[in-house]
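K.L.:
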Amino acid sequence: MDKPWQTGFFKQPVAGSVQLHRLGFEGDGVADLVHHGGVDKAVLCYSAQHYPIWRNEFQQMDALAESFPIESFGPGAFGENLTVSGLAEETVCLGDVYEVGTARIEVSQPRQPCWKLGRRWRLKQLTALAVSTGRMGWYVRILEEGVVSADQDMVLVDRTLPEWPITRLNELFYHDRSNLEDAQTMAQCKVLAEAWRGEFRKRVEKGAG
Numbered sequence: 001m002d003k004p005w006q007t008g009f010f011k012q013p014v015a016g017s018v019q020l021h022r023l024g025f026e027g028d029g030v031a032d033l034v035h036h037g038g039v040d041k042a043v044l045c046y047s048a049q050h051y052p053i054w055r056n057e058f059q060q061m062d063a064l065a066e067s068f069p070i071e072s073f074g075p076g077a078f079g080e081n082l083t084v085s086g087l088a089e090e091t092v093c094l095g096d097v098y099e100v101g102t103a104r105i106e107v108s109q110p111r112q113p114c115w116k117l118g119r120r121w122r123l124k125q126l127t128a129l130a131v132s133t134g135r136m137g138w139y140v141r142i143l144e145e146g147v148v149s150a151d152q153d154m155v156l157v158d159r160t161l162p163e164w165p166i167t168r169l170n171e172l173f174y175h176d177r178s179n180l181e182d183a184q185t186m187a188q189c190k191v192l193a194e195a196w197r198g199e200f201r202k203r204v205e206k207g208a209g
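In this note's numbering, the protein residues as written are 1 to 209.
What follows is the structure, encoded as structure tokens:
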């Protein structure tokens, strides 16, 4: 955990308005362009309601270092670009279109937390905990660029796949690996990010072989 590393994980709250471009917010950096960023992962969203749950769980962990900053584990701690209120993996669906400010965004895939989450907080098991709890967040692509500020609501304007909340996608991807029927459905779903479609295609091909 002490080796040098490069990341764009550290986020700070921004006051005022920020331009949202096709590849993300103006001024926001992505260090690992192989695994992060791009059109399908322009903006990472994370639910504000998860943070009180995390803090409560951390307080119950006997192995947690005394120096762990529980009280400062809040918005931005998961490296998200948008910390959102009133939305979570259970209520957000693949393909949902939201208006926020003058921009329009579309839910493209769940978030796959990598090792950098644990490295950021010097808590190795945090990535596995995020996966097991489903509190991982989700990505959006930018349909229309615009200006966004922190005091604006995300307004749902279109929902084409109500049967596919982020929780169901996470369950299929991480746990329900023998469900080739749903995997085939997602492999052909054009709204889903191409990287995830490719993973489901490989699963179906392997299962059919």
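Where is the CB? At the ideal position from N, CA and C, for every residue including glycine.
Can you check whether the CB of Val-191 is closer than 7 angstroms to the CB of Leu-94?
P.N.:
Position 94 of the sequence shown, counting from 1, holds the residue named residue 94. Position 191 of the sequence shown, counting from 1, holds the residue named residue 191. Going by C-beta atoms, Leu-94 is nearer than 7 angstroms to Val-191.
K.L.:
Where does Met-186 land, buried or exposed, given buried means 16+ other C-beta within 10 angstroms?
P.N.:
Translated into positions along the sequence shown, residue 186 becomes position 186. Its Cβ being crowded by 16 or more others within 10 Å, Met-186 is buried.
K.L.:
List in chain order: all unbroken beta strand (DSSP E) runs of 3+ residues lying wholly within the stretch 99-166.
P.N.:
103-110, 138-144, 146-149 and 155-158
K.L.:
Touching or not, the stretch 62-69 and the stretch 161-176, by the rule of three or more beta carbon pairs under 8 angstroms?
P.N.:
Segments in contact, no.
K.L.:
Ala-42: which of Ser-108, Trp-54 and Val-84 sits nearest, CA to CA?
P.N.:
Within the sequence shown, the letter at position 42 stands for residue 42. The candidate whose alpha carbon is nearest that of Ala-42 is Ser-108.
K.L.:
Check His-21 in the structure and name its three-state DSSP category.
P.N.:
Locating residue 21 in the sequence shown gives position 21, counting from the first residue. It is a strand residue.
K.L.:
Using the Cβ count rule (16 or more neighbours within 10 Å means buried), how would you classify Glu-80?
P.N.:
Taking the sequence shown and counting its residues from 1, the one referred to as residue 80 is at position 80. Classification for Glu-80: buried.
K.L.:
Using 8 angstroms for Cβ pairs, my map puts Val-157 next to Val-18. What's the rounded Cβ distance?
P.N.:
Residue numbering aside, residue 157 sits at position 157 when the sequence shown is read from its first letter. Residue numbering aside, residue 18 sits at position 18 when the sequence shown is read from its first letter. With a Cβ gap of about 21 angstroms, Val-157 and Val-18 do not count as contacting.
K.L.:
At which residues does the alpha helix (DSSP H) containing Leu-180 begin and terminate?
P.N.:
Position 180 of the sequence shown, counted from the first residue, corresponds to residue 180. 180-187 is the span of the alpha helix (DSSP H), which, as asked, contains Leu-180.
K.L.:
According to DSSP, simplified to helix, strand and coil, what is Val-97?
P.N.:
Start at 1 with the first residue of the sequence shown, and residue 97 comes out as number 97. If DSSP states are grouped into helix, strand and coil, Val-97 belongs with the strands.
K.L.:
Determine the direct distance from the alpha carbon of Asp-176 to that of Arg-201, and round the result to whole angstroms.
P.N.:
Residue numbering aside, residue 201 sits at position 201 when the sequence shown is read from its first letter. Residue numbering aside, residue 176 sits at position 176 when the sequence shown is read from its first letter. About 15 angstroms.
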